[in-house]
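According to the working numbering, the sequence shown is numbered sequentially starting from 999.
Working notes, structure below.
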Amino acid sequence: MPTWETLLSLKRQGDKNKRIRKEQDDTRLGFEVDYDRVIFSSEFRSLQDKTQVIPLSKTDFVHTRLTHSLEVSVVGRSLGRLVGKKVLEKHPQLKGTHGHHFNDFGAIVAAAALAHDIGNPPFGHSGERAIGDYFKFGNGKRFKNQLPEVVYQDLSRFEGNANGFKLLTNDNYGSPGGLRLSYATLGAFTKYPKASLPHKPTKQVADKKFGFFNQQQEKFQDVAEELGLERNADGNEVRYKRHPLAFLVEAADDICYTIIDFEDGINLGLIQEDYVLEYLSKIVNKSINTEKYSKLSTTKNRISYLRSLAIGALIEDAISLFMENEDAILKGDYHQALLDKSTYKVQIEDIINISIKNIYQSQEVLDKEIAGYTILTKILDDFTTAVEHQHAGNASNFDKLILKNFLKDFDFSESKLEDWLIDVCSFVASLTDSNALRTYRKLTGSDL
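This is the structure in C-alpha cells:
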C-alpha cells in the first residue's frame, strides 16, 4: 500500500539525487514549477484553438480547451488545498517530519488538472474517434498484421489521455524527459493507469480508458514504482491502482464540464434559461441569496452567479467524499469517480443529459464533427503513406513534399513502424482545429 510520503514524490525524470521536501525553496516549490512548465509549453498553448463544446466556434465566450483547462486547474487547486489541510491533520508526520504543506496538494492537483487535456486531438472527442477509426476501419488497417497487438490497440482506440502522458514525458529535441514534471504530478495526471490491453477488464473507473501507449510503458512503470502505486494482482496485465490525487483531478474536470458546458449552452441559446433555475437551484438552494439574485438584470449575470455557487457546492461535496473514503482510496479499493457518489448525483445526471441532447448533439456540432472526421482521415492517410513510402524507398514527389512541408521536424528514417505511427498520430493530435483545417486545404489544393 502506498503512503502519502511516497505519493508526494518530487522526483523528476533523469534525477540522480533524491529531492527532499524540507530542503525545497518554498518560494518556488517543485510542484509549482510543474504548473509553470505546462503553462509555457507549446502543447498547452495549442489548446486555445481546440474544441471544448463547439468546434471552430466564432463566438467569443464559448470555452476552448485552454479556458476549460485553466478553470479545471483553479477548481483542482481548491480541491487539493482543502483536502491537503484535512490530510495533514490526519497524518501530522507529513508536516512535522517531512515538511509538507497543504499547498503541496493544491499545486500537484492544479498542475495535473492544467495538463489534463493536453493530449486531446482537434475537434474534441470526435478527433480521438477519427484517428482510431482510421486504423480500425480505414486505410490504416493495412498496418494491423505488422504490429504487436497492444500497439494496434493503441492506434485503433487512440486515447488523448495516453497522448498527454507521451507529450509530458517524451524526449524532445535533445531535451530528455519532456517537461520533466514531478512524479507526483504525473501520477495525479494519469487517471487511467493501465495499458490499452486488456480493454476494459473491469467496471472500475480507473479502467474506463487507458493512460499510456506501449511506447511509454516503461516510463510510466518508473513513475508508478517511485510513487509506490500497486500493480494489480494479475501480473500479465500492465495495470496499476490510481494515485489518490487523480480522483481530485477527475472531480475538478467533472465539475467544470458539467456546470460550465451547461452555461455555454445557455449563452449560445441552445438551452433555455429556465433550465438553470430548474436544475442548478437544487444544487445551490442552501447557499443562494435570493435578494441578490433577483437584482441581477441579465441572463449572463444570473447564470454566472448560479454557476459559481454550484461549483462551490460540488467542491465541498467532493472533499467530503474524498475524506470519508481516504483509507480505501489510499489502498486502491475505491473504484468510482467522486461525483458518482455525490449528494447531487441526480442533478448532475439531469444537467449532463440535457447538455448531450441540446449541445453535444446539436446540428452545428454534428456538422463540424463530420467535417473533422474527413479532415483528420485525409491528413493521416497522406502522412502515413508518405512515411511508409520513404521507408520502402519509393517515395513519390508528393510524399517528399509532405515530409518536407509538414513533418520536417521528424527523422523517421531509423524509426520502427510501431514508433513512427504513434509519433505521426501524436503530431496530428497536436494540431489545432484551425491548423488541421488549413493542412487539409493545402493537401487537397483548395488553399492556394
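C-beta atoms are modelled at their ideal positions from N, C-alpha and C, and glycine is treated no differently.
In this text, all values refer to a predicted model and were calculated from it rather than measured experimentally.
Out of Lys1020, Ala1108, Gly1125 and Arg1075, which one is the CA nearest neighbour of Arg1035? If you number the sequence shown from 1, residue 1035 lands on position 37. For the residues Lys1020, Ala1108, Gly1125 and Arg1075, the minimum Cα distance to Arg1035 belongs to Ala1108.
With distances taken Cα to Cα, identify the nearest neighbour of Gly1158 among Asp1331, His1114 and Ala1311. For this step, residue 1158 is matched to residue 160 along the sequence shown. Nearest neighbour of Gly1158 by Cα position, chosen from Asp1331, His1114 and Ala1311, turns out to be His1114.
Under three-state DSSP, which class holds Thr1049? Taking the first residue of the sequence shown as 1, we reach residue 1049 at position 51. Looking at Thr1049 - three-state DSSP - the assignment turns out to be strand.
Distance, Cα to Cα, Asp1251 vs Thr1062? Locating residue 1251 in the sequence shown gives position 253, counting from the first residue. Locating residue 1062 in the sequence shown gives position 64, counting from the first residue. Taking the straight line from one Cα to the other gives about 14 Å.
Going by DSSP, which residues form a beta bridge with Ser1180? Residue mapping note: residue 1180 aligns to position 182 of the sequence shown, counting from 1. Arg1010, per the DSSP bridge assignment.
Sheet register partners of Tyr1238 (DSSP bridge): Numbered from its first residue, the sequence shown carries residue 1238 at position 240. For Tyr1238, which the question treats as bridged, DSSP gives the partners Arg1229.
Rounded to whole angstroms, what's the CA-CA distance from Asn1433 to Phe1211? Just pull it up for me. Looking up residue 1433 in the sequence shown gives position 435. Looking up residue 1211 in the sequence shown gives position 213. C-alpha separation (whole angstroms): 25 Å.
Cβ shell of His1089 (< 8 Å), same chain only, five flanking positions each side left out: The sequence position of residue 1089 within the sequence shown is 91, counting from 1. In chain order, Trp1002 place their CB closer than 8 Å to the CB of His1089, counting only its own chain and leaving out the 5 sequence neighbours on each side.
Straight-line CA distance for Asn1392 to Gln1151? Here residue 1392 refers to the residue found at position 394 of the sequence shown. Here residue 1151 refers to the residue found at position 153 of the sequence shown. Computed Cα separation, rounded: 28 Å.
Taking the continuous alpha helix (DSSP H) assigned at Leu1165, which residues delimit it? Translated into positions along the sequence shown, residue 1165 becomes position 167. That run of the alpha helix (DSSP H) goes Gly1158 to Thr1167.
If we count the other Cβ atoms within 10 Å of its Cβ and call it buried at 16 or more, is Gly1267 buried or exposed? For the purposes of this step, residue 1267 is taken as the residue at position 269 of the sequence shown. The residue in question, Gly1267, is exposed, as its Cβ has fewer than 16 Cβ neighbours within 10 Å.
So the candidates are Lys1217, Cys1254, Gly1117 and Tyr1438; which of them puts its Cα closest to the Cα of Ser1044? Taking the sequence shown and counting its residues from 1, the one referred to as residue 1044 is at position 46. Residue Gly1117 is the option with its Cα nearest to Ser1044.
Under the three-state reduction of DSSP, which class applies to Thr991: helix, strand or coil? Residue 991 cannot be examined here, being either before or after the span of the chain that is shown, 999 to 1446.
If you drop the 5 nearest sequence neighbours on each side, which residues of the same chain put their C-beta closer than 6 Å to that of Glu1416? Within the sequence shown, numbered from 1, the residue matching residue 1416 stands at position 418. Within the same chain, and ignoring the five residues on either side of Glu1416 in sequence, the residues whose Cβ sits closer than 6 Å to its Cβ are Leu1145 and Val1149.
Kindly confirm or deny that the stretch 1091-1107 and the stretch 1407-1425 touch, where touching means at least three C-beta pairs closer than 8 Å. Three or more Cβ pairs closer than 8 Å define a contact, and the stretch 1091-1107 falls short of that threshold against the stretch 1407-1425.
Are the CB atoms of Leu1319 and Ile1286 within a distance shorter than 8 Å? In the sequence shown, the residue the question calls residue 1286 occupies position 288. In the sequence shown, the residue the question calls residue 1319 occupies position 321. Contact flag unset, no.
Taking the alpha-carbon positions, what's the Arg1439 to Thr1049 distance? Within the sequence shown, the letter at position 441 stands for residue 1439. Within the sequence shown, the letter at position 51 stands for residue 1049. Near 19 Å, if we compare the C-alpha coordinates of Thr1049 and Arg1439.
Going by DSSP, name the residue or residues bridged to Lys1192. Numbered from its first residue, the sequence shown carries residue 1192 at position 194. For Lys1192, the beta-bridge partners assigned by DSSP are Arg1237.
On the three-pair Cβ rule with 8 Å, is the stretch 1118-1130 touching the stretch 1183-1194? Verdict: no, contact absent.
With DSSP collapsed to three states, give me the class of Arg1300. Counted from its first residue, the sequence shown places residue 1300 at position 302. DSSP, reduced to helix, strand and coil, places Arg1300 within a helical segment of the structure shown.
Would you mind reading off the limits of the alpha helix (DSSP H) that contains Arg1019? Locating residue 1019 in the sequence shown gives position 21, counting from the first residue. Looking at the DSSP string, Arg1019 is not in any alpha helix (DSSP H), and its letter there is neither H nor E.
Give the straight-line distance between the Cα atoms of Val1073 and Leu1336, rounded to the nearest whole angstrom. Counting from one through the sequence shown, the residue named residue 1073 turns up at place 75. Counting from one through the sequence shown, the residue named residue 1336 turns up at place 338. Cα to Cα, Val1073 sits roughly 14 Å from Leu1336.
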